[in-house]
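Chemist:
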Amino acid sequence: MKKLLIFSLTLFLSVTSLTAQDILKAVDAKDYQQVEKLLKSGAKVNFQDKKGNFPLWLAVWNDDSAMVRLLIDNGADINQKMVNKGVSSDCLEIACQNGSTAIVIMMVEHGASVNEKRFHGASALRIASRNGHVDIVKYLIGKGAEIDEEADDRATPLEAAAGKGHFEIVQMLVEARANVNHQDKDKDTPLNEAARGGHIEVVQYLLAKGADVSLKNSEGQSAEDLAKLSGQPKIVALLKDHQK
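Taken in order, the sequence shown gives residues -20 to -1, 1 to 224; the numbers are from mature numbering (1 follows the signal peptide of the UniProt record, and there is no 0).
1. Using only the alpha-carbon positions, how far apart do E139 and G101 sit?
2. Less than 8 Å between the CB atoms is what I'm expecting for I121 and A156, so what's the real figure, rounded?
3. Where DSSP assigns a beta bridge to M62, which residues make up the other side?
4. Going by alpha carbons, who is nearest to A46 out of V7, I127, Q223?
5. Should D166 be labelled buried (16 or more other beta-carbon atoms within 10 Å of its own) or exposed?
6. Roughly how many angstroms lie between the CA atoms of I215 and R134, to the nearest whole one?
7. Is the CB-CB distance between A188 and V182 below 7 Å?
8. State yes or no: is the C-beta of M86 within less than 7 Å of the C-beta of V48?
9. Nearest-angstrom Cα distance between F34 and D2?
10. Please report the residue range of the alpha helix (DSSP H) in which I180 lies.
11. Between which two residues does the alpha helix (DSSP H) carrying G177 extend?
12. Terminal residues of the continuous alpha helix (DSSP H) containing D53?
13. Given G91, which residues of its chain have a CB within under 7 Å of its CB, disregarding the five upstream and five downstream residues?
14. So, V94 versus A104, is the Cβ gap smaller than 7 Å?
15. Consult DSSP for E129 and reduce its assignment to one of helix, strand or coil.
16. Out of K31, N54, I149, V67, point me to the one whose CA is closest to R110's CA.
17. Output the boundary residues of the alpha helix (DSSP H) element that contains S109.
18. Run through DSSP, which three-state label would N161 get?
19. Could you give the C-beta distance for S210 and R176, rounded to a whole number, given that I count them as a contact under 8 Å?
20. Work out the CA separation of W41 and G190 for me, nearest whole Å.
21. Are there 16 or more other CB atoms within 10 angstroms of the CB of A217, so buried, or fewer, so exposed?
22. Just to confirm, are P137 and R106 a CB contact at a threshold of 7 Å?
23. Buried or exposed, going by whether 16 or more other CB atoms sit within 10 Å of the CB of E204?
24. Using a Cβ-Cβ cutoff of less than 7 Å, which residues in the same chain neighbour L206 once the five nearest sequence positions on both sides are dropped?
Laid out in structure tokens, this is it:
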């Protein structure tokens, strides 16, 4: 009897381990039928391997909205974090980074916080703004994302978008009352970042919306100085003309 119990326990543990690893492989392969089969066989939907991978994270990383839906319907924890070498990320963060609009909507509808601070203190809105994902930015604003939320470097979503030249997102954020003269920990502004990056359309727009050309960063540099240093003569001329 004792031997039978030991055998049964060993068999149970080996099957559990097998199904746990197999579900990650099935999710990564986008094998929906196999995932359903494994879940019905007792595989843990929130299983996490030694590298920090778990089924929902892999599905989000692969931009596989159908798999995400399947896993959520089977109890996947949307707030579970992928932790690797001391760095953590969650599914909403990855979806915002990759531009997976449908997945972002699913995450938020199932309770993911739009204002939780993530890697380096960045909010979902900042991540989407920096990466130029217009539809996600629009959605997050509509869901109450804090417009001027500061990350660890005290930069806001507007500064992130301006520095990358994402004009439509800059417009959206300003229309949502983002502070055009906000200064980060280095005292740089959205105008500074746009000028440094050579994004003349963004510079023109920010000036029209009240950006202060006289503000200087912690190194005493204005937007004009930064434009000169980065070789942007048209922006230098624009900023000079604005001060007349």
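Even glycine gets a Cβ: it sits at the ideal position worked out from N, Cα and C.
Modeler: Quick answer:
1. The count along the sequence shown starts at 1 and reaches residue 139 at position 159. The count along the sequence shown starts at 1 and reaches residue 101 at position 121. Each residue's Cα considered, the two are about 15 Å apart.
2. In the sequence shown, counting from the first residue as 1, residue 121 sits at position 141. In the sequence shown, counting from the first residue as 1, residue 156 sits at position 176. Indeed they touch by this definition, with Cβ atoms about 5 Å apart.
3. Residue numbering aside, residue 62 sits at position 82 when the sequence shown is read from its first letter. S69, per the DSSP bridge assignment.
4. Within the sequence shown, numbered from 1, the residue matching residue 46 stands at position 66. When each option's Cα is compared against that of A46, the closest is V7.
5. Here residue 166 corresponds to residue number 186 of the sequence shown, with the count starting at 1. Exposed, by the Cβ-count rule.
6. Within the sequence shown, residue 215 is the residue found at index 235, counting from 1. Within the sequence shown, residue 134 is the residue found at index 154, counting from 1. Between I215 and R134, the C-alpha separation is close to 25 Å.
7. Numbered from its first residue, the sequence shown carries residue 188 at position 208. Numbered from its first residue, the sequence shown carries residue 182 at position 202. No; because the gap between Cβ atoms is not below 7 Å, this pair is not in contact.
8. Stepping through the sequence shown from its first residue, residue 86 is reached at position 106. Stepping through the sequence shown from its first residue, residue 48 is reached at position 68. In this structure, V48 lies closer than 7 Å to M86 by Cβ.
9. As a working note, residue 34 is residue 54 in the sequence shown. As a working note, residue 2 is residue 22 in the sequence shown. In a straight line, the C-alpha of F34 is about 11 Å away from that of D2.
10. As a first step, residue 180 must be located in the sequence shown, where it is residue number 200. Run containing I180: 180 to 188, per the alpha helix (DSSP H) assignment.
11. One-based indexing of the sequence shown puts residue 177 at position 197. Counting along the chain, the alpha helix (DSSP H) containing G177 begins and ends at 170 to 177.
12. As a working mapping, residue 53 is identified with position 73 in the sequence shown. Unbroken alpha helix (DSSP H) run through D53: 45 to 53.
13. Position 111 of the sequence shown holds residue 91. Non-local beta-carbon contacts of G91 in its own chain, meaning distances under 7 Å to residues more than five positions away in sequence, involve I58 in chain order.
14. Taking the first residue of the sequence shown as position 1, residue 94 is located at position 114. Taking the first residue of the sequence shown as position 1, residue 104 is located at position 124. Yes, the Cβ-Cβ distance between V94 and A104 is below 7 Å.
15. Position 149 of the sequence shown holds residue 129. E129 sits in coil when the DSSP states are folded into three classes, being neither helix nor strand.
16. Stepping through the sequence shown from its first residue, residue 110 is reached at position 130. It is I149.
17. Taking the sequence shown and counting its residues from 1, the one referred to as residue 109 is at position 129. Counting along the chain, the alpha helix (DSSP H) containing S109 begins and ends at 104 to 110.
18. The sequence position of residue 161 within the sequence shown is 181, counting from 1. Reduced to three states, the DSSP call for N161 is coil.
19. Counting from one through the sequence shown, the residue named residue 210 turns up at place 230. Counting from one through the sequence shown, the residue named residue 176 turns up at place 196. The Cβ separation is near 5 Å, so the contact holds.
20. Within the sequence shown, residue 190 is the residue found at index 210, counting from 1. Within the sequence shown, residue 41 is the residue found at index 61, counting from 1. Going by the C-alpha atoms only, they are around 39 Å apart.
21. Position 237 of the sequence shown, counted from the start, is the residue given in the question as residue 217. Label assigned to A217: exposed.
22. By 1-based counting over the sequence shown, the position of residue 137 is 157. By 1-based counting over the sequence shown, the position of residue 106 is 126. Taking 7 Å as the Cβ cut-off, P137 and R106 qualify as a contacting pair.
23. Taking the first residue of the sequence shown as position 1, residue 204 is located at position 224. E204 should be labelled buried.
24. Along the sequence shown, one-based indexing puts residue 206 at 226. Taken in chain order, the residues that qualify are N172, A175, R176.
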